[in-house]
Amino acid sequence: MYNKYYLNHLQELESEAIYVIREVAAQFDRPAILFSGGKDSIVVTHLAKKAFWPSKIPMPLIHIDTGHNFAETIAFRDQLVADLGVQLIVGSVQKAIDNGRAVEEEGLNASRNELQIVTLLDTIEEHKIDAAMGGARRDEEKSRAKERFFSHRDEFGQWSPKNQRPELWNIFNGHKRMGEHFRVFPISNWTEMDVWNYIMQENIPIPSLYFSHYREAIYRDGAWLPNSEFLVLKPGETIEYKYMRFRTLGDITITGGIESDADTLEKIVREVSATRSTERGNRSDDKRSDTSMEDRKRQGYF
Amino acid sequence: MDYNTSIDTTPLTNIELLRFATAGSVDDGKSTLIGRLLYDSKSIFEDQMEAVKLSSERKGLAHVDLSLLTDGLRSEREQGITIDVAYRYFATPKRKFIIADTPGHIQYTRNMVTGASTANLALVLVDARHGVIEQTCRHSFIASLLMIPHVIVCVNKMDLVDYDSRTFNKVVEQYHDFASKLDIKDVRYIPISALNGDNVVNHSENMPWYRGASLLDTLETIHIGSDYNHLDARFPVQTIIRPHANEYHDYRGYAGRIAGGIFRPGDNITVLPSGFTSKIKSIDTFAGPVEEAFPPMSVSMRLEDDIDVSRGDMIVKNNNQPEVGQDIDAVLCWMSAKGPRPGAKYYLKSTTNEVMAMIKEVIYKIDINTMQRLEEDKEIKMNDMARVKMRTTQPLIYDEYRRNRITGSLILVDEYTNETVAAGTIRA
């Protein structure tokens, strides 16, 4: 009888995410969107645009700049911020290292991934952000499978996985003490496939790095690591010229790419639906241990 | 036939979303069943499988322990149990599924309630050797209390009873007797062996006497289109959209998600609790105005008249209105380690509204294993279910939970600790 009145799964996920984003705007004084330049935070930003249209997005974007970026990511970010007419807040890991707040890792696999935690928490505190929205998804990683939409952080910015508030129906509890904040994940229920299908359906611009292109890279731990001024070669490693693309985008020193000829959104969707490994499988930050994501999240990671 | 080979890798777009909850404890085969659904629908990736194999070997196990896929937290892996709700995802060419995987033990009842609150369907596992046991009753009672519209009873471990039809029929009879006392609209029974895959994805050759659909077939085809309330138009206002831009100078949109019924431009509406009336001028989305809005759409509504509307108000149709009142009769599931303090005030959140509330009276507690009313013991503790009377400081706009799961649900938040201490379903 009501067959006409149903939403398909992408429409339902979109509607859910818009509802969550509007709850954030309504329940918090100083919310922000954590923008990494990756496809997930691009989708969250797109959803926020839809949630408040015809108003502008009523909150700033926060970018944690590791100093080890893909140039394309920064150019993309600046263009998007200009198009949306929103404020951009940049937290600099380099500055945190320079003033002694963070200590650079050393060695072959050194990265600034964990150092982002300090800068992120400092930026949240400095701008008195009480809700930071991100593009994390539950399907990405097993500790993220246990995340809430509204994830409470104590005054040290830490996550307490055993002590999470129950979250029932779609009633979100944003009550907190002074100095505490929330991380909010509007696309919790989306899978990688959903994100790509949605990007294609909505024709959302994404950085060129996601499409196959030629670049210099070395093969390490099962992935093609891009050549950059920060890369330290191990004995036996050689730089090759590869037709490749990235499935996720992070710090240039830890983001491995795959060989691929997917140079259009259609081809990417096809490739992702046929692939047999997870997107974070190419991220060396997740390979450190079985619970490395949980451990970083406890400290205040995204 | 191996299901893997029949997977279509074309993008999934125009398919429905089904949310289902499972509950279970150690050894009842829940993890194996979920593992099989994920594995057979190609939702486990090679690197995940590799990691699980390595972890199983490190633990000295002879088999691949699929529960390691689902138990993600350090403490869960250490103890080998599920504590918190975990959400899993898989898709077939017909549907996309979200599994709320919850622990089955009574001490984690609150986690089960959490997982069940958003589910369209509950999977109840029964061991064919043991039949309906206390845990089966508890899980089914929670499903019924939270008005999950569909229940699939999987009679598992059929391989251990020689795939005997009489054993299956006995369990069906037992469950049917018990479920007649519950409020579940649609119950189905499937004999399975999660371990061997009988009737999970494909119809089992070991049980030719069973003519029904396999579990996955059932999940793919069960009709969920009428699960939302399409009769009583309810629109809780989340936030007001006012662009302050020249182009949209006078724009004033009420943003929210439809909680029930169908709204159309031109409808005569009432704003509650104020009682002001107006007419819908347009229903807007980023993609343009729509002719009809129904649950669970997120939209923004404009009215013909400039009246006072704010967050927490509800827009409804004139001829069909919800209850508005300060005396609330509800069944609470208590979620906090500490019981209610005498005379304590709580934030009561329901839809987008928030008021203060006090528990005036505990009418009775419910033994969730036997469903018996406990009229004597009225001390509420963690994981208890209790029917209570509450009084709110401001009027609450609500429907009976059994009529609408969105406008009939509430949570209580402790005003000092900010913890979510209870979940409630509103009675008439």
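Which chain is which? The protein sequence lines are Y and G, in order.
So that you can map any letter, position 86 of the first sequence is 86 in the working numbering, and since no number is skipped, the others follow by simple counting.
Going from the second sequence to the working numbering is simple: count from 1 and add 1000.
Note that beta-carbon positions come from the ideal geometry of N, C-alpha and C, so glycine has one too.
- Within chain Y, L168, W169 and I171 have C-beta atoms less than 8 Å from the C-beta of S1409(G), given in sequence order.
- The C-alpha of Q1372(G) is placed about 53 Å away from the C-alpha of D122(Y).
- Here DSSP, grouped into helix, strand and coil, assigns N1246(G) to helix.
- Across the structure, P1273(G) and I1328(G) are spaced so that their CA atoms are roughly 16 Å apart.
- Sixteen is the threshold: since fewer than 16 other Cβ atoms of the shown chains lie within 10 Å of the Cβ of F156(Y), the residue is exposed.
- Rounded to the nearest whole angstrom, the CA to CA distance from H46(Y) to A1287(G) is 12 Å.
- Here N1318(G) is not near D1232(G), since their CB atoms are 9 Å or more apart.
- Taking a Cβ-Cβ cut-off of 7 Å, H181(Y) has no neighbours in chain G, whose nearest Cβ is about 13 Å from it.
- Of all residues in the region 43-70 of chain Y, those with a C-beta nearer than 8 Å to a C-beta of chain G are K49, K50, A51, F52, W53, P54, S55 and K56, reading in chain order.
- Here the alpha carbons of Q1107(G) and T1370(G) stand approximately 16 Å from one another.
- Across the structure, P58(Y) and Q87(Y) are spaced so that their CA atoms are roughly 9 Å apart.
- A straight-line Cα-Cα distance of about 15 Å links T1102(G) and N1120(G).
- A straight line joining the alpha-carbon of F1263(G) with that of K50(Y) spans about 20 Å.
- Counting the other CB atoms within 10 Å of its CB gives Q116(Y) a total of 16 or more, which places it among the buried residues.
- Scanning its chain for C-beta atoms nearer than 7 Å, with the 5 sequence neighbours on each side dropped, one finds around D1384(G) the residues W1334 and K1365, in chain order.
- By the criterion of at least three beta-carbon pairs nearer than 8 Å, the region 1209-1228 of chain G is in contact with the region 1089-1098 of chain G.
- Neighbours of I18(Y) in chain G, taken as residues whose beta carbon is under 7 Å from its own, are S1298 in chain order.
- For a Cβ distance threshold of 9 Å, residue set H9, T191, M193 and D194 of chain Y lies close to A1091(G), ordered along the chain.
- Our two residues, H68(Y) and D251(Y), have alpha carbons roughly 6 Å apart in a direct line.
- Counting the other CB atoms within 10 Å of its CB gives S111(Y) a total of 16 or more, which places it among the buried residues.
- Excluding five sequence positions before and after A1386(G), the CB atoms of its chain that fall closer than 6 Å to its own CB belong to L1332, V1362, K1365 and I1380, given in chain order.
- Residue contact check for V1413(G) against chain Y: a CB pair falls below 9 Å.
- Less than 9 Å separates the beta-carbon of L1017(G) from that of H9(Y).
- Residues of the region 201-220 of chain Y that bring their beta carbon within less than 8 Å of a beta carbon in chain G comprise Q201, in sequence order.
- In this structure, N1111(G) is the residue among T1285(G), N1199(G) and N1111(G) with its C-alpha nearest to the C-alpha of A1423(G).
- In the three-state reduction of the DSSP assignment, Y1163(G) falls in the coil class, being assigned neither a helical nor a strand state.
- L1145(G): member of the alpha helix (DSSP H) spanning E1134 to L1145, first to last residue.
- Three or more Cβ pairs drawn from the region 203-221 of chain Y and the region 257-276 of chain Y lie within less than 8 Å of each other, which places the two stretches in contact.
- I239(Y) and E259(Y) have their C-alpha atoms some 14 Å from each other.
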